[in-house]
């Protein structure tokens, strides 16, 4: 009443939530629901306003109102608001009932993170705002628990080990970077069991059109995931800048990166910078040779990756001028003069 006197007649009365406003009433009782709706109608008539009731969905059935079926019968319109994706970045509004009019098509919003405050130490405080989008929710209800767990492991890997192109766009996750994240949550006890489960889940996610592979790099293909990959790109860029103070440009400093970029023009590594050759014209051997360390298979086992992946990384270091291998397999560490 005081608000109406100070600001004028309300056009919309919002009751958020029904449960908190229905003190002493039972939302499962048709009688109590009828009394509640009658009082809301009295408010609407008094001010000539519309009323918006915010209510929770059911626990077992997320697609319907919680409580008595009398709620639905008393409404002129009903909208279901839901979020989808591993991080709830897509918010969809779907009409479930429209009295005396055609039901409008569902529409969606993207939850966008914005910096709202920066502290004296430079720490940023963020919040989310909704931005209209044409994206549609991903349908993952038909995924088994094992596949959902596999997809979650992919998203976990994407946040920390994803690949970015030159424009900073997320372009996928390497198979061997994804594998350790899957192994962490796999239920199989043996390593061979984990490997088979990973291969099986990976193939099923591809067959269902959720991921698409290209040269052992996997990228989401369903529409809602375009929101996720944009978020991953921002996080990966922040990780890169936090570690180095600026965005890394490995194509300038690393001969191996030049070779890689020539064959893969759309992808560059952001998680493992190449050190490049240390100062000095050609470099010189430090000590003579290193004590023999673990074998290739032992390194692969410790890292949870294939021997081929370990060999690939060693080859990159050799091209950068940091390692030199003799014919007998002894590896020398090269260091420049300073």
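Residue numbers (the working numbering): 18 to 355. Yeah, the Cβ is synthetic: ideal placement off N, Cα and C, and Gly gets one too.
- Sixteen is the threshold: since fewer than 16 other Cβ atoms of the shown chains lie within 10 Å of the Cβ of residue 73, the residue is exposed.
- Under the criterion of beta carbons closer than 8 Å, residue 109 and residue 123 qualify as touching, at roughly 6 Å.
- Within the DSSP secondary-structure output, residue 124 pairs in a beta bridge with 110.
- Under the DSSP assignment, residue 60 falls outside any beta strand (DSSP E), being part of the alpha helix (DSSP H) whose first and last residues are 47-64.
- Annotated three-state conformation of residue 201 is helix, per DSSP.
- Judged by DSSP in its simplified three-state form, residue 193 adopts helix.
- Non-local beta-carbon contacts of residue 230 in its own chain, meaning distances under 7 Å to residues more than five positions away in sequence, involve 223 in chain order.
- A distance below 7 Å between beta-carbons, with the five flanking residues on each side excluded, links residue 85 to the following residues of its chain, in chain order: 44, 45, 46, 47 and 50.
- Residue 211 counts as buried, since no fewer than 16 other beta carbons sit within 10 angstroms of its beta carbon.
- In its chain, beyond the 5 residues on either side, 218, 221 and 222 have a beta carbon closer than 7 Å to the beta carbon of residue 164.
- Judged by their CB atoms, residue 129 and residue 142 are not nearer to each other than the 8 Å cut-off.
- The alpha carbon of residue 92 has as its nearest neighbour, out of 162, 187, 80 and 113, the alpha carbon of 113.
- Spanning the alpha carbons of residue 94 and residue 100 requires a straight line of approximately 20 Å.
- The C-alpha of residue 111 lies about 26 Å from the C-alpha of residue 168.
- In this structure residue 18 is exposed. Its beta-carbon is surrounded by fewer than 16 other beta-carbon atoms within 10 angstroms.
- By the neighbour-count criterion, in which a residue is buried when 16 or more other Cβ atoms sit within 10 angstroms of its Cβ, residue 121 is exposed.
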